[in-house]
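Participant:
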Amino acid sequence: MEDSVAVTILILFFHFLLLNYPSSSLPLCSDSRAPHIPKRPLIFCPYNGSVCCDSAKDLQLWKQFHDMNISDPGCATLVKSTLCARCDKFSAQLFKVESGPQAVPVLCSSPLLLNSSLSNKAPSSFCSTVWDACQNVSILSSPFVPSLQVRGGAPVDSSPSKLNELWQSKSVFCDAFGGSSDNKSICFNGEQVSLEKTETVLPPMGMCLEKIGNGSYLNMVAHPDGSNSAFFSDQSGKIWLATIPEQSSGATLGLDMSKPFMDLSDRVFSDSSFGMMGMAFHPNFAHNGRLFASFNCDKLKTPGCSGRCACNTDVDCDPAKIGSSNAAQPCRYHKVIAEFTANGTSGYSASPVEVRRVFTLGLPFAFNHAGQILFGPADGYLYVMMGDGGKGGDPYYFSQNKKSLLGKILRLDIDNLPSADEISDLGLWGNYSVPQDNPSSEDKYLQPEIWALGLRNPWRCSFDSERSLYFVCADTGQDHYEEVDIITKGGNYGWSVFEGPFPYNPHQSQANYINPIFPVLGYNHSDVNDNEGSAAISGGYFYRSLTDPCMFGSYLYADLYGSAIWAAAESPANSGNFTSAMIPFSCAHDSPIHCSSIPGNSSPALGYIYSFGEDNRKDIFILASSGVYRIVRPSRCNYTCSKENVTAIFLPTPSSGN
Numbered sequence: 078m079e080d081s082v083a084v085t086i087l088i089l090f091f092h093f094l095l096l097n098y099p100s101s102s103l104p105l106c107s108d109s110r111a112p113h114i115p116k117r118p119l120i121f122c123p124y125n126g127s128v129c130c131d132s133a134k135d136l137q138l139w140k141q142f143h144d145m146n147i148s149d150p151g152c153a154t155l156v157k158s159t160l161c162a163r164c165d166k167f168s169a170q171l172f173k174v175e176s177g178p179q180a181v182p183v184l185c186s187s188p189l190l191l192n193s194s195l196s197n198k199a200p201s202s203f204c205s206t207v208w209d210a211c212q213n214v215s216i217l218s219s220p221f222v223p224s225l226q227v228r229g230g231a232p233v234d235s236s237p238s239k240l241n242e243l244w245q246s247k248s249v250f251c252d253a254f255g256g257s258s259d260n261k262s263i264c265f266n267g268e269q270v271s272l273e274k275t276e277t278v279l280p281p282m283g284m285c286l287e288k289i290g291n292g293s294y295l296n297m298v299a300h301p302d303g304s305n306s307a308f309f310s311d312q313s314g315k316i317w318l319a320t321i322p323e324q325s326s327g328a329t330l331g332l333d334m335s336k337p338f339m340d341l342s343d344r345v346f347s348d349s350s351f352g353m354m355g356m357a358f359h360p361n362f363a364h365n366g367r368l369f370a371s372f373n374c375d376k377l378k379t380p381g382c383s384g385r386c387a388c389n390t391d392v393d394c395d396p397a398k399i400g401s402s403n404a405a406q407p408c409r410y411h412k413v414i415a416e417f418t419a420n421g422t423s424g425y426s427a428s429p430v431e432v433r434r435v436f437t438l439g440l441p442f443a444f445n446h447a448g449q450i451l452f453g454p455a456d457g458y459l460y461v462m463m464g465d466g467g468k469g470g471d472p473y474y475f476s477q478n479k480k481s482l483l484g485k486i487l488r489l490d491i492d493n494l495p496s497a498d499e500i501s502d503l504g505l506w507g508n509y510s511v512p513q514d515n516p517s518s519e520d521k522y523l524q525p526e527i528w529a530l531g532l533r534n535p536w537r538c539s540f541d542s543e544r545s546l547y548f549v550c551a552d553t554g555q556d557h558y559e560e561v562d563i564i565t566k567g568g569n570y571g572w573s574v575f576e577g578p579f580p581y582n583p584h585q586s587q588a589n590y591i592n593p594i595f596p597v598l599g600y601n602h603s604d605v606n607d608n609e610g611s612a613a614i615s616g617g618y619f620y621r622s623l624t625d626p627c628m629f630g631s632y633l634y635a636d637l638y639g640s641a642i643w644a645a646a647e648s649p650a651n652s653g654n655f656t657s658a659m660i661p662f663s664c665a666h667d668s669p670i671h672c673s674s675i676p677g678n679s680s681p682a683l684g685y686i687y688s689f690g691e692d693n694r695k696d697i698f699i700l701a702s703s704g705v706y707r708i709v710r711p712s713r714c715n716y717t718c719s720k721e722n723v724t725a726i727f728l729p730t731p732s733s734g735n
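Per this note's numbering, the sequence shown starts with residue 78, numbered consecutively.
#1: Taking all protein chains shown into account, do 16 or more other C-beta atoms lie within 10 angstroms of the C-beta of residue 114, making it buried, or fewer, making it exposed?
#2: Have a look at the DSSP bridge pairing and note the partners of residue 411.
#3: Using the C-alpha atoms, what's the distance from residue 158 back to residue 120?
#4: Can you find at least 3 beta carbon pairs, one from the segment 616-627 and one from the segment 691-707, that sit closer than 8 Å?
#5: Judging by CA-CA distance, which residue of 457, 151, 135, 357 is the nearest neighbour of residue 161?
#6: Return the chain-ordered list of same chain residues with a C-beta closer than 7 Å to the C-beta of residue 318, the five sequence neighbours on each side being excluded.
#7: Please confirm if the segment 667-684 is in contact with the segment 644-656, defined as three or more CB-CB distances below 8 Å between the two stretches.
#8: Using 8 Å as the threshold, is the C-beta distance between residue 163 and residue 138 below it?
#9: Measure how close the beta-carbons of residue 564 and residue 529 come, nearest whole angstrom, since I'm counting them as under 8 Å.
#10: Looking at C-alpha atoms only, which residue of 368, 396, 345, 388 is the closest neighbour of residue 381?
#11: Let me know if residue 41 comes out buried or exposed under the rule of 16 or more other beta-carbons within 10 Å of its beta-carbon.
#12: With DSSP as the reference, please indicate the residues paired to residue 113 in a beta bridge.
#13: From the DSSP output, in three-state form, read off residue 476 for me.
#14: At a Cβ threshold of 8 Å, is residue 581 touching chain D?
#15: What's the gap between the Cα of residue 470 and the Cα of residue 534?
#16: Taking only runs of the alpha helix (DSSP H) that begin and end inside the segment 604-631, which ones reach a length of at least 4 residues, in chain order?
#17: With distances taken Cα to Cα, identify the nearest neighbour of residue 590 among 370, 571, 599.
#18: Could you pull out every residue in the same chain whose Cβ sits closer than 7 Å to the Cβ of residue 440, ignoring the five residues on either side in sequence?
#19: Can you give the Cα-Cα distance for residue 486 and residue 132, rounded to whole angstroms?
#20: Just how far apart, CA to CA, sit residue 291 and residue 330?
#21: Can you check whether the CB of residue 451 is closer than 8 Å to the CB of residue 538?
#22: Hey, could you find the ends of the alpha helix (DSSP H) residue 208 is sitting in?
#23: Less than 8 Å between the C-beta atoms of residue 238 and residue 262, yes or no?
#24: Do the CB positions of residue 369 and residue 459 come within less than 8 Å of each other?
#25: Roughly how many angstroms separate the alpha carbons of residue 574 and residue 295, rounded to a whole number?
#26: Measure the C-alpha to C-alpha separation of residue 603 and residue 668 and round it to an integer number of angstroms.
#27: Which residue or residues does DSSP assign as beta-bridge partners of residue 552?
#28: Cutting at 8 Å between CB atoms, please list the residues of its own chain near residue 592, excluding the five before and the five after it.
#29: Residue 499 by DSSP, collapsed to three states: which one?
#30: Out of curiosity, what's the CA-to-CA distance linking residue 429 and residue 324?
#31: Go to residue 242, then tell me how far its alpha helix (DSSP H) extends in each direction, as first and last residue.
#32: Since residue 367 sits in a beta bridge, which residues does DSSP pair it with?
#33: Within 10 angstroms of the Cβ of residue 252, are there 16 or more other Cβ atoms? Answer buried if so, exposed if not.
#34: Tell me, to the nearest whole angstrom, how far the beta carbon of residue 532 is from that of residue 481; I am working on the premise that it is less than 8 Å.
#35: Is the distance from the Cβ of residue 616 to the Cβ of residue 297 below 8 Å?
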């Protein structure tokens, strides 16, 4: 009887989360770029604020509408609004770009769910309204031609057509163009999509931690097989495969330091700002065993450490003139991404012999080279985080230089490999190809590998495990401001014209032309470290575990110096607007490993917070200089969370197995 009650409560709780869960509708254009404020107001399409059209697109839509030669005013008004939906800041969702382009937005075919946070506030079916007004009206080059719904794109048949000639009935028409009213999609109702106010999300009372490991690591990646295992790597170049203990079991991280999964320390140059900075496992790792390591090497000490210098004539830079950095000549140190293979299908170890050198680039300076690598969950491409090179203030303007790979996020295809001749002919930096839809397909001046630009030193990026459109990066600041950005195709995040939202080099000639995307979150250095006057952000994850239900949906990030952790909530949901709160944190009294405390303070002495990690159960981990910490139930630290009693009955225990 008790078990059946528990199951019922579990179902009700998950139902509650689904009803209150935000859709994946990040403001995003149908070309996967971020909305922007046009330099000139739109004339044809009545859209204001951040939009997905410029004056040229507005004119193009007017011409398309004019060529349709619609005689009926009522039908013409509806078709115009439908065409102009391309300018809506949610057009990526309206036109369903994730499942392939289409010529018409999803037309609302039924009232939207009351629980949906996205609404056009019109109760009627817009799809029915379009049919009723236009079914007997001739439209030249109609966007409602059936074949366009399949292949997308612009109409190619210029002959006049009526809806009742193209479609058997209203229901068939709305089955094709209408949208289901669920909480993970939006539809077009004839007006600019607006956000309804959502209930204010209160920050959690505190974050409860348990210490499960003493090692110091920079990276943690959940095993792709979905098990309770994860990979940890340190700065020296060693990777371990560890077993994650059950919550509340009293067990520690199952990791044997004497038996690394792979040891690359013989080729990794490790120093204060160098080392192995990232690792990634192919989405099909369970079958192909492909893994990738991002590290630094010293060409004076390591054979095979060579490649082109990022300071070159293509970017108006001369290595002979920039001087030494940290007592090293320019491009002595390189950034490398190399591919390796796990031994056998069990994947308990990997050969340190490189399968191929995917990427190599000489670093002009000894700092700010980032190094994290991630596979995109939706596209399977490899994303590479690149710092600006390290000279204070980016005096060579690498971050804004479209021919430089420094200060960028790259997007590479490591499945379709080029020949040696293609690498040479295309001027590639290694063994990869460039995805056809990278931003350079629309900007001939942009280096093909670049996905986003204008970053200083992105330190820890992540994709929301529930919403792949949310690609979030923390970017370390120069003098005053640390920031968090939502990364979009071709996005320019401002550095070094701006540091966060503030002008940094306001007199640079391109200041009026870069159209920067400002951070969604951030903090001033003085907010966290007034005595030292410095800070450095460590990006985290959207919290998707039910271990602490009061933290569910919050984006977590921290400062390197370990004294501050934030939880940020999006409000309204799906808006890209966040409010953050610095939250207290404590160590559970029954932590498997005792947590030392800051002198004169009950807070645990984490030391430096290097990074965050996420396991296959979506629990979040903090990788600090003092060890590995896991977020656990708030009640273990006497924090109050009204939702915890509902979830506690089905959280895994050591005896439950799963």
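Virtual Cβ for every residue (Gly too), placed ideally from N, Cα, C.
Please read all numbers here as calculations on a predicted model, not as lab measurements.
Facilitator: Let me spell this out:
#1: exposed
#2: 374, 439
#3: 13 Å
#4: yes
#5: Ranking the options by Cα distance to residue 161, first place goes to 135.
#6: If we look at residue 318 and ignore the five residues flanking it on each side, its Cβ neighbours are 306, 308, 338, 425.
#7: no
#8: Yes. Within cutoff.
#9: 5 Å
#10: Closest option to residue 381, judged by alpha-carbon separation, among 368, 396, 345, 388: 345.
#11: Any answer about residue 41 is impossible in this case: the structure gives the chain only from 78 up to 735.
#12: 128
#13: coil
#14: Of the chains in the structure shown, none is chain D; there is only one protein chain.
#15: Within the model, the alpha-carbon separation for residue 470 versus residue 534 is close to 12 Å.
#16: Counting whole runs of 4 or more residues, the segment 604-631 contains no alpha helix (DSSP H) stretch at all.
#17: Per the Cα distances, 571.
#18: 387, 408, 410, 411, 412, 446, 466
#19: 28 Å
#20: 9 Å
#21: yes
#22: Taken as a continuous stretch (DSSP letters only), the alpha helix (DSSP H) holding residue 208 covers 203-211.
#23: no
#24: yes
#25: 30 Å
#26: 32 Å
#27: According to DSSP, residue 552 bridges with 535, 560.
#28: Result list for residue 592: 113, 569, in chain order.
#29: helix
#30: So the two alpha carbons sit approximately 33 Å from each other.
#31: Here the alpha helix (DSSP H) through residue 242 covers 240-243.
#32: Note: residue 367 sits in a beta bridge opposite 418.
#33: exposed
#34: Between residue 481 and residue 532 the Cβ distance is about 12 Å, and since that is not below 8 Å, they are no contact.
#35: no
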